[in-house]
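Chains as they are written, first to last, in our numbering: chain A, 10 to 293; chain B, 4 to 376. All C-beta atoms, glycine included, are put in the ideal place defined by N, C-alpha and C.
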Amino acid sequence: MHPVPPILPASAAPIEINDLTVAYRDAPVLQDIDLTIPEGKLAAIIGPNGAGKSTLIKAILGLVPIVAGSVRIYGRPYAEQRRLVGYVPQRSSVDWDFPTTALDVVMMGTYGRLGWIRRPGKTERDFAMHCLDRVGMARYADRQIGQLSGGQQQRVFLARALAQDARIYLMDEPFNGVDAVTERAIVTLLQALQQQGKTVVCVHHDLDSAPEYFDWVALLNVRLVASGPLDATFTADNLHRTYGGALKAAIEHLRRFEHERDRLPTDAAMETAGLRADRDANNS
Amino acid sequence: MSASVVMILTGVLVATACALPGVFLVLRRMAMMADAISHAILPGIVAGYFLAQGPSLPAGFAGASLAAIVTVALVEALQHTRRVGGESAIGIVFPAMFALGVLLVSKYFANVHLDTDAVLYGNIEFAAFDVWLVNDLNLGPRSLWVMGALCVINLLFVGLCFKELKLATFDPGLAAALGFSPVLIHYALMAVVSVTTVGAFTAVGAILVVAFMIAPAAAAYLLTDDLGRMIALAIGIGAASALSGWFVALALDASVAGAMATMSGLFFLLALFFSPSHGLVARARRLRRQRLRLALENLVVHLLNHEHQVSEAHEAEIAHLSSELRWSPRFARWIVAIAKRDQLVQQANGYLSLTAAGRDLARQAAASRDREG
Numbered sequence: 010m011h012p013v014p015p016i017l018p019a020s021a022a023p024i025e026i027n028d029l030t031v032a033y034r035d036a037p038v039l040q041d042i043d044l045t046i047p048e049g050k051l052a053a054i055i056g057p058n059g060a061g062k063s064t065l066i067k068a069i070l071g072l073v074p075i076v077a078g079s080v081r082i083y084g085r086p087y088a089e090q091r092r093l094v095g096y097v098p099q100r101s102s103v104d105w106d107f108p109t110t111a112l113d114v115v116m117m118g119t120y121g122r123l124g125w126i127r128r129p130g131k132t133e134r135d136f137a138m139h140c141l142d143r144v145g146m147a148r149y150a151d152r153q154i155g156q157l158s159g160g161q162q163q164r165v166f167l168a169r170a171l172a173q174d175a176r177i178y179l180m181d182e183p184f185n186g187v188d189a190v191t192e193r194a195i196v197t198l199l200q201a202l203q204q205q206g207k208t209v210v211c212v213h214h215d216l217d218s219a220p221e222y223f224d225w226v227a228l229l230n231v232r233l234v235a236s237g238p239l240d241a242t243f244t245a246d247n248l249h250r251t252y253g254g255a256l257k258a259a260i261e262h263l264r265r266f267e268h269e270r271d272r273l274p275t276d277a278a279m280e281t282a283g284l285r286a287d288r289d290a291n292n293s
Numbered sequence: 004m005s006a007s008v009v010m011i012l013t014g015v016l017v018a019t020a021c022a023l024p025g026v027f028l029v030l031r032r033m034a035m036m037a038d039a040i041s042h043a044i045l046p047g048i049v050a051g052y053f054l055a056q057g058p059s060l061p062a063g064f065a066g067a068s069l070a071a072i073v074t075v076a077l078v079e080a081l082q083h084t085r086r087v088g089g090e091s092a093i094g095i096v097f098p099a100m101f102a103l104g105v106l107l108v109s110k111y112f113a114n115v116h117l118d119t120d121a122v123l124y125g126n127i128e129f130a131a132f133d134v135w136l137v138n139d140l141n142l143g144p145r146s147l148w149v150m151g152a153l154c155v156i157n158l159l160f161v162g163l164c165f166k167e168l169k170l171a172t173f174d175p176g177l178a179a180a181l182g183f184s185p186v187l188i189h190y191a192l193m194a195v196v197s198v199t200t201v202g203a204f205t206a207v208g209a210i211l212v213v214a215f216m217i218a219p220a221a222a223a224y225l226l227t228d229d230l231g232r233m234i235a236l237a238i239g240i241g242a243a244s245a246l247s248g249w250f251v252a253l254a255l256d257a258s259v260a261g262a263m264a265t266m267s268g269l270f271f272l273l274a275l276f277f278s279p280s281h282g283l284v285a286r287a288r289r290l291r292r293q294r295l296r297l298a299l300e301n302l303v304v305h306l307l308n309h310e311h312q313v314s315e316a317h318e319a320e321i322a323h324l325s326s327e328l329r330w331s332p333r334f335a336r337w338i339v340a341i342a343k344r345d346q347l348v349q350q351a352n353g354y355l356s357l358t359a360a361g362r363d364l365a366r367q368a369a370a371s372r373d374r375e376g
């Protein structure tokens, strides 16, 4: 009954995408994507609206048909490695009036391990409760999900991904429309996941916060513009090529970031961007 | 068993069998799909009748299920063209299938016992007389056997696949990512809907079966925030509709199936208005309470802001309040009366002043408004 434990070849990367093309009718949404995301990174997929960011995540998960190319999870097709991948869809993709509680939604994360027919029991319930606690939502366990605020709903989705107990987490705009408390909770959680050696990939559209939250980026606009460690990849030139120069604001953000980075490490910057300071210290 | 008991029991079993898939149709916003399937199975039933050279239950089920699957597949195919939206696709497919059925009936079976009235409205009135004979052994009314079996099948389906149905309905994306094919679950649900419709249509007809699938489930959705409880409530409301509908039909000397379906609509209306959580009355009362609370807060905050000022006396006049807070004089009098009753304010020498409790509320309200910016 139990699936064979997935194999983790030491050499294979968590996510390896080769020549991936996804099309909607005749128009390509993603074209010739070659992307390898290394182990243990906090990676952001960045690009303008319609760049195919969400589609890339869905293609990795086998949720959209692929025209050409391949996606490998630790060297094998996704279908064989489902249990290694946790997924946080966009919050707006589901109906929050659904008659169920926060805890019940988190328990859905354990369904993959259970397989068909088998029902969740006390083990799954306790684990789901633990996951809710990790995002600071334990006291809302019995709340109907429609009564939660947007940020709380997002944290329930994160807890559900934690309940998948995966090695790779794919998140579609986790910071979209959340309150400050939730934003901090998500950042703390992402860092904790990284410390546990997990690989996290987030679709992200806020250029302001991207360099603060992530240490690895892929710049996407139908084609892959650039990918790699933050400092080498998140450059004015690359952003210009991604956003086509239409977004002067994008460049402005970057100037500010580069300016701040050059000032590092100063006490003030360390305080406002503790994460980045730590990372720079590690890199140097 | 008396004919009345058979009718009531058949109605209750139909309601139960229909409520189970009905809950998921309502949650998936697919009520029209039930309507489509209930009509589109007609050509399948005719084809079954034709192949079996007479009325045959297995042939009818097979033909209807096949027609239902074709309907679902056609609707999906049309929806994928993106030029024909969700509801339009249903609107094209089901009249076409139904028309085909009507054509076949009128052409080949004009003189046999397969009349369109029975298909549309059913004949639960004769349920007791249509008995199941095996080697001259009378096993009792056929409708009870068929609907009983369908209840068992649907209970098994929803019971065994409860978590899969829940996940695929709430978040098809995650269901697919975890390996629970939402397409497979969708077609399984549609197959259950079509088989249930075939079984139920001899009793209540193709149109009324939709009432039994949708109305009790929609009423239950207004009454609870728990999926398990919603299913139980839908069954309960469906059974209550069947039972009360029979008595209504008896009193009015009217169509039994029609009365049962009407009662299910009536129960839905009751839930829509009087559900304690999601009903219109409860919502209106909640809004009124919120408005009252906000007005009381505005009143005490206003009085707090002007406490110990030279203009205090003027600011605290009821007439001034109504212009300052843009209240009608009547509303202002009402709010002040409630504030006095709750001992938030007191009136002395013609003007209002805060009590200790009123001052506390004003400070709390002002602080929380500051927090919210």
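Neighbour list for residue i in chain B, Cβ cutoff strictly below 7 Å
i	result
PHE107/A	LEU30, PHE173
GLN153/A	ASP228
Contacts that residue i makes with chain A (C-beta to C-beta distance below 7 Å)
i	result
GLU167/B	TRP125
GLY3/B	Here chain B comprises residues numbered 4 to 376, so residue 3/B is not present and cannot be evaluated.
Under 9 Å from the C-beta of residue i: neighbouring residues of chain A
i	result
ASP345/B	Chain A residues near ASP345/B: none, gap ~27 Å exceeds 9 Å.
Test: residue i CB closer than 8 Å to a CB of chain B
i	result
VAL2/A	Since the first residue of chain A shown is 10 and the last is 293, residue 2/A is not available in this structure.
ARG128/A	yes
SER293/A	Low confidence applies here, because SER293/A scores a pLDDT of 36, under 50, leaving its location unreliable; read the following figure in that light. No, no contact with chain B.
TYR252/A	no
TYR120/A	yes
MET146/A	no
Chain A contact for residue i (CB, 8 Å cutoff)
i	result
GLY376/B	Caution applies to GLY376/B, whose pLDDT of 47 falls short of 50 and renders its modelled position unreliable; the model cannot decide the point.
ASP373/B	no
THR84/B	no
ALA18/B	no
Element boundaries [beta strand (DSSP E), containing residue i]
i	result
GLN349/B	348 to 351
GLY77/A	The amino acid at residue 77/A is misidentified as Gly; the sequence shows Ala. Per DSSP, ALA77/A belongs to the beta strand (DSSP E) from 77 to 82.
THR45/A	36 to 46
TRP337/B	TRP337/B -> not in any beta strand (DSSP E); alpha helix (DSSP H) instead, spanning 332 to 344.
GLY130/A	No beta strand (DSSP E) holds GLY130/A; DSSP gives it neither H nor E.
LEU51/A	51 to 55
GLU25/A	24 to 33
Proximal residues of chain A, C-beta to C-beta of residue i below 8 Å
i	result
TYR224/B	PRO108
ASP133/B	Per Cβ cutoff of 8 Å: no residues; ASP133/B is ~36 Å from chain A at best.
LEU163/B	ILE126
Under 9 Å from the C-beta of residue i: neighbouring residues of chain B
i	result
MET117/A	LYS166, LYS169, LEU170, PHE173, ASP174, LEU177, ALA178, LEU181
Delimiting residues of the alpha helix (DSSP H) encompassing residue i
i	result
LEU295/B	283 to 308
ASP246/A	245 to 252
LEU136/B	Unbroken run through LEU136/B is the beta strand (DSSP E), 134 to 137; no alpha helix (DSSP H).
TYR149/A	No alpha helix (DSSP H) contains TYR149/A, which DSSP labels as neither H nor E.
GLY47/B	45 to 54
PRO74/A	That residue, PRO74/A, is in no alpha helix (DSSP H); it is neither H nor E in DSSP.
Legend entry - Members of the stretch 266 to 286 of chain B that neighbour chain A once the beta carbon cut-off is set at 8 Å: If the cut-off is 8 Å between Cβ atoms, the stretch 266 to 286 of chain B has nothing near chain A.
Inset, instruction - Below 8 Å between beta carbons is the criterion; list the residues of the stretch 74 to 103 of chain A that meet it against any residue of chain B, in chain order. - result: Residues passing the 8 Å Cβ filter: ALA88, ARG91, VAL94, TYR96, PRO98, SER102, VAL103.
Legend entry - 3 or more residues per run - each beta strand (DSSP E) lying fully within the stretch 163 to 239 of chain A: Complete beta strand (DSSP E) runs here, min 3: 177 to 181, 208 to 213, 225 to 230, 232 to 238.
Legend entry - Positions along the stretch 227 to 255 of chain B whose CB lies within less than 7 Å of some CB in chain A: Within the stretch 227 to 255 of chain B, those residues whose Cβ lies closer than 7 Å to any Cβ of chain A are, in chain order, THR227, ASP228, ASP229, LEU230, MET233.
Legend entry - Selection of the stretch 182 to 195 of chain B by Cβ proximity to chain A, strictly under 9 Å: Residues passing the 9 Å Cβ filter: GLY182, PHE183.
Legend entry - Contiguous alpha helix (DSSP H) assignments of at least 4 residues, all confined to the stretch 11 to 43 of chain B: Segments of the alpha helix (DSSP H) lying fully in the stretch 11 to 43 of chain B: 34 to 43.
Inset, instruction - Go through the stretch 164 to 244 of chain B residue by residue and report every complete run of the alpha helix (DSSP H) that reaches 4 residues or more, in order. - result: Entirely contained in the stretch 164 to 244 of chain B, the alpha helix (DSSP H) runs reaching 4 residues are, in chain order, 165 to 173, 175 to 181, 185 to 226.
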